[in-house]
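Under UniProt numbering, residues 1 to 293 are what the sequence shown spells out, in order.
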Amino acid sequence: MAETLTHHRRPMRRWFRETGWRHLVGAAVVLFSVFPLIYVFSASLNPAGTLITANRLFATVSLDSYIDLFNRPQQPYAAWFVNTLVIGLSASAGSVLLGALAAYAFSRMRFTGRRVGLITLVLVQMFPQLLAMVAIYLLMLGIGEIFPAIGLNSQAGLVMVYLGGALGVNTYLMYGFFNTVPQSIDEAAWIDGAGHARIFFTIILPLVSPILAVVALLSLVGTLSEFVIASVLLRDPHKQTLAVGLYQFISQETSQNWSVFAAGAVLAAIIPVALFLLLQRYIVSGLVAGSVK
């Protein structure tokens, strides 16, 4: 009997030593990541409007905050949601296109300054756009005097500012993935009479779709969560994004409403979560494949 118990204990100990502890660490990480989401969702269902009363999860369940969210004329949440979707998708699509064009040029063409240009793109990204905030504001102010459609307080101008910082890490990430595509494919297309544009759009882009999905998702999430530049360039409440608009619910000490803020945050999370679920089969391959040439 003792021998039988010992026989069963050893595999369990071995399993825990080899893989079991990893499951425990994974479970702890999942709990650590999920708890803030559950807390915010619980706060959105609490009509009290404070975070103190939300310490007891789901003690009070009400949809009043979600209803109130769309009944505030001075704080048009629906307009913020649409603005964020339009600006985010436009900036994301532009970032993917610009990054793919640059990555294709660095990967397939040989020209003077190619290596220096790659290094420069990465080094420039080390400095956050916040350092150039004054320069960006003055630049958009000057552009607005000549072309108001893309100047200060315009969504198109904000998208252009985002596209100005689209290169860098995205290009370097795509560059590694483009290098995994054999150049023999390009050579075969050249023999058939295809030019760079046709090779890029009809042959290369379908082959590198995983990295395009990854860059699009990362760019969209970054745009949705960006606050500083959007708050400076967009002054009209009906043109602002979710990140800027939601801040109004908690910016004034005498009228803080954390419940409505949490409800808006929960609805805002639908966009990145839906896109993540839609593109999840591309994410792992897109992030890993470009690291090996």
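Cβ atoms here follow ideal geometry from the backbone N, Cα and C, with glycine treated the same way.
Item, Value
"The stretch 125–142 touching the stretch 208–225, judged by at least three CB pairs closer than 8 Å", "no"
"Helix, strand or coil at residue 110 [DSSP, three-state]", "coil"
"Collapsed DSSP secondary structure at residue 15 in the structure displayed", "helix"
"Reduced DSSP secondary structure (H/G/I, E/B, other) of residue 125", "coil"
"Length-filtered (4 minimum) alpha helix (DSSP H) runs lying within the stretch 175–236", "183–191, 209–225, 228–233"
"Pick from 239, 211, 198 that is closest to residue 279, judged by C-alpha positions", "211"
"CB of residue 161 within 8 Å of CB of residue 229, strictly", "yes"
"Span of the alpha helix (DSSP H) around residue 244", "242–246"
"Close-in-space but distant-in-sequence residues of the same chain around residue 83 (CB under 7 Å, 5 per side omitted)", "155, 239, 240, 241"
"Rounded C-alpha distance that separates residue 206 from residue 47", "49 Å"
"Residue 72 (DSSP reduced to helix, strand or coil)", "coil"
"Local Cβ density within 10 Å of residue 91, reported as buried at 16 or more and exposed below that", "buried"
"Beta-carbon contacts of residue 87 that lie in its chain and below 7 Å, excluding the five residues immediately before and after", "155, 158, 159, 223, 241"
"Residue 44: first and last residue of the uninterrupted alpha helix (DSSP H) it sits in", "21–44"
"Distance cut-off 7 Å: residue 210 Cβ against heavy atoms of the ligand MN", "Absence of the ligand MN from the depicted structure is noted, as is the absence of any ligand whatsoever, leaving it without description."
"For residue 276, three-class secondary structure by DSSP", "helix"
"Top-ranked residue by Cα proximity to residue 97, from 69, 256, 208", "208"
"Alpha-carbon spacing of residue 5 relative to residue 171, whole angstroms", "Only weak support exists for where residue 5 lies, its pLDDT of 47 falling under 50; the value from the coordinates is given anyway. Near 58 Å, if we compare the C-alpha coordinates of residue 171 and residue 5."
"Spatial neighbours of residue 249 in its chain, beta-carbon cut-off 6 Å, leaving aside the 5 residues before and after", "257, 260, 261"
"Residue range of the alpha helix (DSSP H) that includes residue 156", "155–164"
"Residue 266 - containing alpha helix (DSSP H), residue span", "258–268"
"Inter-residue Cα distance where the pair is residue 245 and residue 139", "24 Å"
"Same chain only: Cβ atoms within 6 Å of residue 125, ignoring 5 sequence neighbours per side", "168, 169"
"The stretch 92–111 in contact with the stretch 172–182 per 3-pair CB rule at 8 Å", "yes"
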